[in-house]
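Okay, so the sequence shown: first residue is 38 according to our numbering, each after it adds one. Ideal Cβ positions, reconstructed from N, Cα and C, are used throughout, including at glycine. This structure is a prediction, so every number in the text was calculated from the model and none was measured.
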Amino acid sequence: MKFISSSATYIEVGTVVGLGLYGWLREDDKVMEAGIVTGAAMLLNGAITLTTKYGFNRKRPFEAYPDRIILRGKQSHNYSPSFVSGHTSMAFNLATSLTLSFPKWELAIPMYVWASTVAFSRMYLGVHYPSDVLGGIIVGVGSSYLTYKANEWLKSKREVPWGVSQVNIAYAGFVE
38 MKFISSSATY IEVGTVVGLG LYGWLREDDK VMEAGIVTGA AMLLNGAITL TTKYGFNRKR
98 PFEAYPDRII LRGKQSHNYS PSFVSGHTSM AFNLATSLTL SFPKWELAIP MYVWASTVAF
158 SRMYLGVHYP SDVLGGIIVG VGSSYLTYKA NEWLKSKREV PWGVSQVNIA YAGFVE
C-alpha cells in the first residue's frame, strides 16, 4: 500500500513532464496544452492543499490516537497536518485533468481507479481520516476543473487576427 500511496507524486509529475515533452517533440499542440494545463492545475492544487492543511492544522490519526491507530509501513519523517490529503488531491487532480483533456472512458476508468486506490491507501496506512480523503478529492477535482475552465475561457476571449494561432494559459508565451 505504501508504494501505491507514494505513486501519486511521481506519476503526476512524470505525466506533466511527459505530456509537455511529447507535445513539444511531436509539435502536437493539443498534447502540449494538456501537459501545461495539467501542470498549472498541479500548482493550483498544491497551493490550495497546503493552505488548507496549515489553516486547519489537524493532527493525523496515528498522532491523535496512538493507542488505537496502527501506523503501517516504515515511516521515518515528520508529517504535515492531516486535512486535506495531499496524495489524494494529487491523484484526483491528475485523473480529472487528463479526463478533461482527453475525454475517453479508456483513460478515465483506469485513472479514477488508480486515484481511488491512492485515496484508500492513505486511510489504510493510518495517515488520514476519511474526511481528509474526501477533502482531497474535492480539492483535486475542483482545482483541475477550474484550471481547465480558465484555459477554455481565455481561449474564447482571445481575438485571432489574420490567422495567427491563439495564445492561452497553456502556452503562457513559451510557444509561438
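Given residue i as reference, the closest of the options once Cα atoms are compared
i       : options                               : result
Ser-40  : Leu-171, Leu-162, Ser-180 and Gly-173 : It should be pointed out that residue 40 corresponds to Phe in this sequence rather than to Ser. The candidate whose alpha carbon is nearest that of Phe-40 is Leu-162.
Phe-129 : Leu-144, Leu-137, Gly-123 and Ala-152 : Ala-152
Leu-80  : Leu-191, Pro-147, Trp-61 and Ser-181  : Ser-181
Val-178 : Glu-64, Gly-83 and Ser-43             : Gly-83
Asp-169 : Leu-183, Leu-87, Phe-120 and Trp-142  : Phe-120
Thr-46  : Met-127, Ala-145, Arg-159 and Ile-175 : Met-127
Lys-90  : Tyr-116, Val-68, Leu-58 and Lys-67    : Tyr-116
Ala-187 : His-124, Leu-137, Ala-132 and Leu-171 : Leu-137
Leu-87  : Glu-143, Gly-172 and Tyr-166          : Gly-172
Thr-184 : Gly-92, Pro-118 and Leu-131           : Leu-131
Rounded distance between the beta-carbons of residue j and residue i, thought under 8 Å
i       : j       : result
Ala-77  : Leu-56  : That belief does not hold up - the Cβ atoms of Ala-77 and Leu-56 are roughly 12 Å apart, past 8 Å.
Pro-225 : Ile-106 : The chain is shown only over 38 to 213; residue 225 falls outside these bounds and no answer can be derived.
Where residue i sits in the DSSP three-state scheme
i       : result
Phe-120 : coil
Ile-174 : helix
Ser-40  : The identity of residue 40 in the sequence shown is Phe, whereas the question assumes Ser. Of the three classes helix, strand and coil, the one that applies to Phe-40 here is helix, per DSSP.
Ala-45  : helix
Phe-139 : coil
Lys-236 : The chain is shown from 38 up to 213; residue 236 falls before or after that span and cannot be answered.
Glu-189 : helix
Boundaries of the alpha helix (DSSP H) in which residue i is found, first to last residue
i       : result
Asn-82  : 66-93
Arg-159 : 142-161
Val-164 : No alpha helix (DSSP H) holds Val-164; DSSP gives it neither H nor E.
Pro-103 : First-last for Pro-103: undefined, no H or E at that position.
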